[in-house]
Each structure stands twice: as structure tokens, then as C-alpha cells.
Amino acid sequence: MPELPEVEVTRLGLAACLTGEKVDQVTMRVPALRYPLPAALSDRVVRRALRQIRRRGKYLLFDFGTGHLLIHLGMSGSLRLVERNEPPLRHDHFDIGFGSKVLRMHDPRRFGAALWLEGDPATHPLLAHLGAEPLSRQFTPRVLGAALTGRTMAIKPAIMDAGIVVGVGNIYASESLHRAGIDPRLPAGQLAPARLARLVPAIKLTLRAAIRAGGSTVRDYVHANGGSGEFQQRHRVYGRAGQPCRQCGAPIRLLRQANRATYYCPRCQR
DNA sequence: ATGTGACCCTGGATGC
DNA sequence: TGCATCCAGGGTCACA
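Counting the first sequence from 1 gives a position; this note's numbering is that position plus 17.
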């Protein structure tokens, strides 16, 4: 469900309300999501203040000074701030109480995760292998080109590979390639420098525009305050099979790559 | 090493 | 109405 923009919008919403606030309660309603939930989390965070919330790819890192709570939203996860007396719904799996406010994890499909990390989070196995942060200055055409060298897989699944660049999921991969005018089926290792020089800014612009619009709500995603994203209304290709390209009017096509839906314009993307 | 498909799980949409 | 099938913002694993 959530890609980098949705995770970032969640981070911003939570950070504005929770930074510096002290935890007073932890409630677990299930033993595990993708991984077992940290049973001792209460002992680790109660009476501790949340210092900051960071993001690496699609992972959120809640810094409590003595360690980090890592949360991944999987396909259908969301984090909301609710009032303490609000009763939990089905699939509300755990709460972290901050006085009158409660941070509540909701995830119908349970592909999400929450782990307690001690030490440097960057060295954790889930984070250690991750590729470039797309919104950082370090993510350049040269860096992307180096990561794609020798790869025969198509460019669309390649930019969804978190070992190459993080945070670009199924929606924003299609959207970025349309913005760059690149055929999603092209072999990743054969993109000429001029194409890489279009693709990198296209990824950055797509992700930034999505963050400004509050992310994409296709199905489950909601903001920390419960609101929906708006970016889905501006999708160029994702979910628009058969509809006219906003640039040239040709019907948007749908194909499958690595078992995921890819949308593209056969005229604008070569 | 690299790339693809099955799988984890629930729920909504679609078709018979 | 009921049931079967397919699909979904992700990531990991087994296997060619």
C-alpha cells in the first residue's frame, strides 16, 4: 500500500504531534504481524520521550534514545493518532499511548512489521542492504546508472528494487517512467545517460508532488489524522488502463511485469 | 549472481 | 444469494 510519499506524509503528521511527547502505555492485541511484535516494548518505551521520527525507504524509525521502534506498513498498514477513549476496530493491532493521544497501527493484511532495534538502525539486516534515498542529493543519474549496470531486468521492476533505490513502489514506478517518457520494458542496464538524466529527476518530481498532495489513497491508506491522500486524482497512468493519456490522448496500456501491474502510454514512452 | 514466481493475509470486486 | 476466482501502495524465500 504505502510507498515513500505515503510513509513520509505519515511521518510528518506524527512528528508534528508526537515529537518530545512521553509514552505512558503500550497495548498489543496480536502476537505478530509479519514478524513477532516486540513483547517487551512496554518496558523499553514507557516513561520515555519520543525524540524524533525518521524514515529510511518505506521504514519509519521512532527514536526513543535507548533504541528505535521500526515500523513498516506493508501493503495495507496505516498509523493514526486517535483519542485515548476511541475503541479499537478490527485489525487495529497495537497502540502506543502518549497521554490523551494514542498512536494506533491498523493493518488488515498484516504484512506490516514493528521491531525494537538497539544500536545503529542502519546496520540492521532489514536496512543494511538498502539502496539510494531518491530524494537525497546522493541520488544522481550517475549513481542510478552504476546500480543498473549489467542488469537485464526491465527498468520498471528495477526501480522498484529497494537494493537499487528505496521507496519507489508499484504506483510511483509507473508514474515516474511516464514522466520520464521511458518504456517500462526497456532493459535496465541499457538506459543511455540521457535517459537516466530524465529518469532521476522524474522520480524526484513524482515523489515530491505526491508528498505535497498527501500521498495516494487507492484503498486503505489514510493520514495520521484519518484523512485521505489526493494524488490518486493526478495519476498519469496508474489505474487508468484504456483511458486517454493526459499528454497525447493514446489509450493507457496495462501489462504484467514480475507479477505486478504496469501502466504506460505506448506513444509517450519509448 | 540474477530474475521470476509463490507466498504471507484479508477483503473487495467480478463473474457464474 | 452464494461461491469461486482474481486482484491489491510490499517484501522474503526457493528455485531455475
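Note that the Cβ used here is the ideal one computed from N, Cα and C, for glycine as well.
Bounding residues of the alpha helix (DSSP H) (the contiguous stretch that carries residue i)
i	result
L144	P142 to A145
Strand pairing of residue i, partner residues [DSSP]
i	result
S245	For S245, which the question treats as bridged, DSSP gives no partner whatsoever.
M170	Answer is none; M170 lacks a bridge partner.
P261	P268
Extent of the continuous beta strand (DSSP E) to which residue i belongs
i	result
H326	The chain is shown only over 18 to 287; residue 326 falls outside these bounds and no answer can be derived.
G114	D109 to F115
A278	R277 to Y281
G273	For the record, residue 273 in the displayed sequence is Arg; it is not Gly. Element bounds for R273: R270 to Q274.
Residue i and residue j closer than 8 Å at C-beta
i	j	result
D329	G114	Residue 329 lies beyond the stretch modelled for the chain, which goes from 18 to 287, so this question has no answer here.
L120	D112	yes
R270	R263	no
D124	G74	no
F79	L67	yes
R126	S93	yes
G30	A227	no
R168	A139	no
S153	K173	no
H195	Y281	yes
V62	L35	no
L203	P22	no
R251	A267	no
G82	R65	yes
G256	V235	yes
G198	Q286	yes
V47	H110	yes
L165	L208	yes
I220	I181	no
Point to revise | Segments of 3+ residues assigned as beta strand (DSSP E) that fall wholly inside the region 173-210 | key: none
Practice item. Would you list, in sequence order, the uninterrupted beta strand (DSSP E) runs of no fewer than 3 residues that lie entirely inside the region 117-157? Key: 118-123 and 130-134
Exercise for review: Just list the alpha helix (DSSP H) runs in the region 22-100, keeping only unbroken ones of 4 residues or longer that don't cross its boundaries, in chain order.
Suggested key: 58-62
Practice item. May I ask you to verify whether the region 100-114 touches the region 139-148, counting CB pairs closer than 8 Å and requiring at least 3? Key: no
Check your understanding: Using 8 Å as the threshold, is the region 179-190 in touch with the region 114-131, meaning 3 or more CB pairs across them?
Key -> no
Review point. Touch check for the region 211-230 and the region 152-162: three-plus C-beta pairs under 8 Å?
Key: yes
Exercise for review: Count the CB pairs spanning the region 241-249 and the region 268-286 that are closer than 8 Å, and state whether there are at least three.
Suggested key: no
Review point. Do the region 214-226 and the region 57-74 make contact, defined as three or more Cβ pairs closer than 8 Å?
Key: no
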